[in-house]
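Report on the structure given below.
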Amino acid sequence: QIQLVQSGPELKKPGESVKISCKASGYTFTDYAMHWVKQAPGKGLKWMGWINTYTGKPTYADDFKGRFVFSLEASASTANLQISNLKNEDTATYFCARVSGGYWGQGVMVTVSS
Amino acid sequence: DIQMTQSPSLLSASVGDRVTINCKASQNINKYLNWYQQKLGEAPKLLIYNTNNLQTGIPSRFSGSGSGTDYTLTISSLQPEDFGTYFCFQHNSWPLTFGSGTKLEIK
């Protein structure tokens, strides 16, 4: 069956970096784009962008340009999200999602606190 | 950017009620509209894709309709397990955007 399994929760200090992984299984990884979605505590969903899993080209929503990097380990069917220079407002759950078909990872809670 | 205005933000209804949730796009989204249900601590679950297509495994009491800028999710007979927050999501134009959510409470 199709699954997206994300890495575990992270506790970071402001200014640090974090890398979140999303491992796909049950389908051909390079056939479908991978999207990233942010959900701050108690808030709604915000689309961050997507990565073309065939070419590796990322596309970022405006609010996520600069400190956010989408990457792939295609041989491992894994998409990654790296956030650098973390700020308190980056505290959120981050989901990977295959929009086509409605498959989502379980989410990764990233807490940024001094 | 396309803004998705979702209403109501909070909805309290009884088991058996017919419930509707609305999303209005700031421009035509050509029926590229999905509906998700999210429960606390879980990932969103796809209910309806492209306006009116029921996702596999979703009960038939859920349905979607709409066109142009106006879209509706209907639950024909509310069940206790339908509590949660519902989001619309347009995937017609970049950047993709979500509605602000409707919290559905069961009376």
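Chains A and P supply the protein sequences, listed in that same order.
Once you know that position 110 of the first sequence is 110 in our numbering, the rest is easy, because the numbers rise by one and skip nothing.
Once you know that position 84 of the second sequence is 1084 in our numbering, the rest is easy, because the numbers rise by one and skip nothing.
Each residue gets a CB set at the ideal place from its N, CA and C atoms; glycine is no exception.
Values in this document were obtained by computation on a predicted structure and should not be read as measured data.
First and last residue of the uninterrupted beta strand (DSSP E) at residue 21 of chain A: 18-25
Simplified DSSP assignment, three categories, for residue 1034 of chain P: strand
For residue 40 of chain A, the three-state DSSP class (helix, strand or coil): Here residue 40 of chain A carries a coil assignment [DSSP, helix/strand/coil].
Partners in chain P for residue 46 of chain A, counting only beta-carbon separations shorter than 8 Å: 1098
Three-state secondary structure (DSSP) of residue 55 of chain A: DSSP, reduced to helix, strand and coil, places residue 55 of chain A outside both helices and strands of the structure shown, so it counts as coil.
Validate contact between the region 88-99 of chain A and the region 32-43 of chain A using beta carbons, cut 8 Å, 3 pairs: yes
Within-9 Å CB hit, residue 1101 of chain P to chain A: yes
Classification of residue 1040 of chain P by the beta-carbon crowding that lies within 10 angstroms, buried from 16 upward: exposed
Cβ-heavy atom distance, residue 1043 of chain P to the ligand COA, below 8 Å: You won't find the ligand COA in this model; it holds no ligand whatsoever.
Cβ-Cβ distance between residue 1053 of chain P and residue 1066 of chain P below 9 Å: no
Bounding residues of the beta strand (DSSP E) (the contiguous stretch that carries residue 1061 of chain P): It is not in any beta strand (DSSP E) - residue 1061 of chain P carries neither H nor E in the DSSP assignment.
Chain-ordered chain A contacts of residue 1043 of chain P [CB-CB under 7 Å]: 95, 104, 105, 106 and 107
Interface residues of chain A facing residue 1049 of chain P [CB-CB closer than 8 Å]: Within 8 Å Cβ-Cβ: 102.
Contact with chain P by residue 90 of chain A, beta-carbon distance below 9 Å: no
Beta carbon of residue 2 of chain A nearer than 9 Å to that of residue 108 of chain A: No, the pair does not count as a contact, with Cβ atoms beyond the cut-off.
9 Å Cβ cutoff, residue 61 of chain A in contact with chain P: yes
Where residue 10 of chain A falls: helix, strand or coil (DSSP): strand
Near-chain A residues of the region 1051-1069 of chain P - C-beta to any C-beta below 7 Å: 1055
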